[in-house]
Amino acid sequence: LLSSQYVERHFSREGTTQHSTGAGDHCYYQGKLRGNPHSFAALSTCQGLHGVFSDGNLTYIVEPQEVAGPWGAPQGPLPHLIYRTPLLPDPLGCREPGCLFAVPAQSAPPNRPRLRRKRQVRRGHPTVHSETKYVELIVINDHQLFEQMRQSVVLTSNFAKSVVNLADVIYKEQLNTRIVLVAMETWADGDKIQVQDDLLETLARLMVYRREGLPEPSDATHLFSGRTFQSTSSGAAYVGGICSLSHGGGVNEYGNMGAMAVTLAQTLGQNLGMMWNKHRSSAGDCKCPDIWLGCIMEDTGFYLPRKFSRCSIDEYNQFLQEGGGSCLFNKPLKLLDPPECGNGFVEAGEECDCGSVQECSRAGGNCCKKCTLTHDAMCSDGLCCRRCKYEPRGVSCREAVNECDIAETCTGDSSQCPPNLHKLDGYYCDHEQGRCYGGRCKTRDRQCQVLWGHAAADRFCYEKLNVEGTERGSCGRKGSGWVQCSKQPQQGRAVWLPPLCQHLWSSSARGPGGRHQ
Numbered sequence: 001l002l003s004s005q006y007v008e009r010h011f012s013r014e015g016t017t018q019h020s021t022g023a024g025d026h027c028y029y030q031g032k033l034r035g036n037p038h039s040f041a042a043l044s045t046c047q048g049l050h051g052v053f054s055d056g057n058l059t060y061i062v063e064p065q066e067v068a069g070p071w072g073a074p075q076g077p078l079p080h081l082i083y084r085t086p087l088l089p090d091p092l093g094c095r096e097p098g099c100l101f102a103v104p105a106q107s108a109p110p111n112r113p114r115l116r117r118k119r120q121v122r123r124g125h126p127t128v129h130s131e132t133k134y135v136e137l138i139v140i141n142d143h144q145l146f147e148q149m150r151q152s153v154v155l156t157s158n159f160a161k162s163v164v165n166l167a168d169v170i171y172k173e174q175l176n177t178r179i180v181l182v183a184m185e186t187w188a189d190g191d192k193i194q195v196q197d198d199l200l201e202t203l204a205r206l207m208v209y210r211r212e213g214l215p216e217p218s219d220a221t222h223l224f225s226g227r228t229f230q231s232t233s234s235g236a237a238y239v240g241g242i243c244s245l246s247h248g249g250g251v252n253e254y255g256n257m258g259a260m261a262v263t264l265a266q267t268l269g270q271n272l273g274m275m276w277n278k279h280r281s282s283a284g285d286c287k288c289p290d291i292w293l294g295c296i297m298e299d300t301g302f303y304l305p306r307k308f309s310r311c312s313i314d315e316y317n318q319f320l321q322e323g324g325g326s327c328l329f330n331k332p333l334k335l336l337d338p339p340e341c342g343n344g345f346v347e348a349g350e351e352c353d354c355g356s357v358q359e360c361s362r363a364g365g366n367c368c369k370k371c372t373l374t375h376d377a378m379c380s381d382g383l384c385c386r387r388c389k390y391e392p393r394g395v396s397c398r399e400a401v402n403e404c405d406i407a408e409t410c411t412g413d414s415s416q417c418p419p420n421l422h423k424l425d426g427y428y429c430d431h432e433q434g435r436c437y438g439g440r441c442k443t444r445d446r447q448c449q450v451l452w453g454h455a456a457a458d459r460f461c462y463e464k465l466n467v468e469g470t471e472r473g474s475c476g477r478k479g480s481g482w483v484q485c486s487k488q489p490q491q492g493r494a495v496w497l498p499p500l501c502q503h504l505w506s507s508s509a510r511g512p513g514g515r516h517q
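When the sequence shown is numbered by UniProt numbering, its final residue is 517 and no position is left out of the sequence of numbers.
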């Protein structure tokens, strides 16, 4: 999927910046093998045939044997290679649990209560889980990836698009989420930031570059690197950072098309609130159903995984239910690709488009035939379309998922639910114990639990130890001494609040497993 405002930009070796708009050739395809409903394919016909396909058991990669010369495209027919994806010596480059974490986050214990869903919008209506989501993504190709692609901007761009195309297949089929490419940048003249083995440093620099150097808005920005990192990680991403200008991003190391697409699926999954499943799997709380292939957020399996575990899907759904990902519900109005009946987008010359034959059979097929509305039909799909008619004005189409969210209602003249909105940052929530930020209710306790674990920093540490300002408990160091924590009421409120969570460890108090509090 390419946004209608799609932009490609590369910095040439001559020091000039070249911009281009438009998708170029329409040569990226998704589908299945004929007669095999358990198969999938994500292929490109740009400069030869290359991509990934699976018969449901084994996965294969096809690619041209020859490549283009510098800055050019190949001439004439090319021989192709088809080979099975190799065994993974270390699953996805991860040699230790949590290798993709950008912060030392821990997964919730098995008995962590799930948020109860609010009242249903209406029986049969989509929820935030079943409504299609859209990740608007910017991809940056670093200089080493450009070198890996024989210094060809064309091949670098085609490779990156093929990676996104395969990741989109995974997300579309399992998470009801599409990946929409809004811009791509190739650093042909050299890296614009320092790319090094310290992935978190590289990620932090990428986010600064995003804020200061990228004019296009996006939900996430990811770096595709030509490096094979010497660290224990194949990528890094901020957990739950989607929609955030400072945390919506990731870094992905070089591999073949399939391996890099899985790494992108992992790091983007981190942005969407998914955790690494290692600890939950060992505790018996989360088990990957496919031992041979493994799951995407797992470090098990021998071939490239293609599926998310039930735990990962639940974490994504809970992230949405808690108000995360508010930017994902804004559907692009149109695509840059040539109009095509069956892609789910109403384009020039179409009255409706309910999607593929399978998608139309589930919803909209009675209202839309061959992208033309049936007799007396006003619409065929959308949260504000029911029985081929617009819902009346004021009908709820997307309920508020928490007290920081805002419910959306139908306008009466459209089949689409209005864009997802939330309260302005700073509103009180959770009985005035937290503040709304980005549509989620942020409290000190939850922030501390994310950083230091579910049982970190109990009240005793705040009230007795940390106020001493000694090595037994403090709010940090100052020179050769320790900083005392304040126990005074904050902002004139009557209730006592602990100081904003920092390390807040005490050498004399231990939590479960002997961890310092």
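Idealized CB from N, CA, C, for every residue including glycine.
### Query
What is the rounded straight-line gap between the Cα of Ala-38 and the Cα of Glu-173?
A small correction: the amino acid at residue 38 is His; Ala does not occupy that position in the sequence shown. Whole-angstrom Cα-Cα distance: 11 angstroms.
#### Entry: Gly-342 versus Ala-363, Ser-326, Glu-322, residue with shortest Cα-Cα distance
Ala-363
### Message
For Leu-421 and Met-274, I'd like the C-alpha separation in whole angstroms.
### Response
23 angstroms
### Task
Express the C-alpha separation of Ser-12 and Gly-382 in angstroms, rounding to a whole number.
43 angstroms
### Range covered by the alpha helix (DSSP H) that runs through Leu-81
For Leu-81, there is no enclosing alpha helix (DSSP H); the enclosing beta strand (DSSP E) covers residues 80 to 84.
### Task
Along the beta strand (DSSP E) that carries Gly-250, what are the first and last residues, could you check?
249 to 252
#### Entry: Strand pairing of Lys-369, partner residues [DSSP]
Thr-372
### Query
To the nearest angstrom, how far is it from the Cα of Gly-69 to the Cα of Ala-204?
Only weak support exists for where Gly-69 lies, its pLDDT of 47 falling under 50; the value from the coordinates is given anyway. Each residue's Cα considered, the two are about 34 angstroms apart.
### Query
Out of curiosity, what's the CA-to-CA distance linking Arg-477 and Pro-305?
45 angstroms
### Task
Entirely within the segment 183 to 230 and at least 3 residues each: give me those beta strand (DSSP E) ranges in chain order.
220 to 224
### Query
When burial is assigned at 16 or more other CB atoms within 10 Å of the CB, is Leu-81 buried or exposed?
exposed
### Query
Do you know offhand how far Ile-193's Cα is from Ser-54's?
37 angstroms
### Message
I want to know whether the segment 354 to 370 touches the segment 169 to 189 - three or more CB-CB distances under 8 angstroms.
### Response
no
### Message
Pop quiz: Tyr-390 and Gly-412 are said to be a contact at Cβ under 8 angstroms. What is the actual Cβ separation, rounded to whole angstroms?
### Response
6 angstroms
### Query
Roughly how many angstroms lie between the CA atoms of Asn-402 and Ser-244, to the nearest whole one?
Computed Cα separation, rounded: 19 angstroms.
### Query
Is the beta carbon of Cys-367 sitting closer than 9 angstroms to the one on Cys-384?
no
### Task
Just the C-alpha distance for Glu-468 and Cys-448, rounded to the nearest angstrom, thanks.
20 angstroms
### Message
Between which residues of its own chain and Glu-8 is the CB-CB distance below 6 angstroms, once the five residues before and five after are set aside?
### Response
Ser-20, Met-184
### Message
Looking only at its chain, what residues have a beta carbon closer than 7 angstroms to the beta carbon of Lys-370, apart from the 5 residues adjacent to it on each side?
### Response
Cys-341, listed in sequence order.
### Query
Buried or exposed: which applies to Pro-91, given that a residue is buried once 16 or more other Cβ atoms fall within 10 Å of its Cβ?
Residue confidence for Pro-91 is low, a pLDDT of 36 falling below 50, so the modelled location carries little weight and cannot support an answer.
### Task
Look up Leu-137 in the DSSP assignment and say whether it is helix, strand or coil.
strand
### Task
Ignore the nearest five residues each way along the sequence and tell me which others in Tyr-60's own chain have a CB closer than 8 angstroms to its CB.
Val-52, Phe-53, Ser-54, Ile-82, Tyr-83, Arg-84, Thr-85
### Message
Just to confirm before moving on: does the CB-CB distance between Pro-217 and Phe-329 stay below 9 angstroms?
### Response
no
### Query
Excluding five sequence neighbours on each side, which residues of the same chain lie with their C-beta closer than 6 angstroms to the C-beta of Thr-17?
Phe-11
### Task
Return the CA-CA distance between Lys-307 and Thr-263, expressed in angstroms with no decimal places.
Lys-307 and Thr-263: Cα-Cα distance of roughly 13 angstroms.
### Query
For Ala-188 versus His-222, is the C-beta distance shorter than 9 angstroms?
no
### Query
Which runs of the alpha helix (DSSP H) fall wholly inside the segment 288 to 324 and span at least 4 residues, in chain order?
List check, alpha helix (DSSP H) in window: 310 to 321.
### Query
Near Met-149, which residues of its chain fall below 7 angstroms by C-beta distance, leaving aside the five closest residues on each side in sequence?
The answer, listed in chain order, is Leu-155, Thr-156, Phe-159.
### Query
Which residue comes first and which comes last in the alpha helix (DSSP H) that contains Val-357?
357 to 362
### Task
Compute the Euclidean distance between the alpha carbons of Cys-27 and Phe-40, then round it to the nearest angstrom.
C-alpha separation (whole angstroms): 17 angstroms.
### Message
Which residues does DSSP list as the beta-bridge partners of His-422?
### Response
Asp-405
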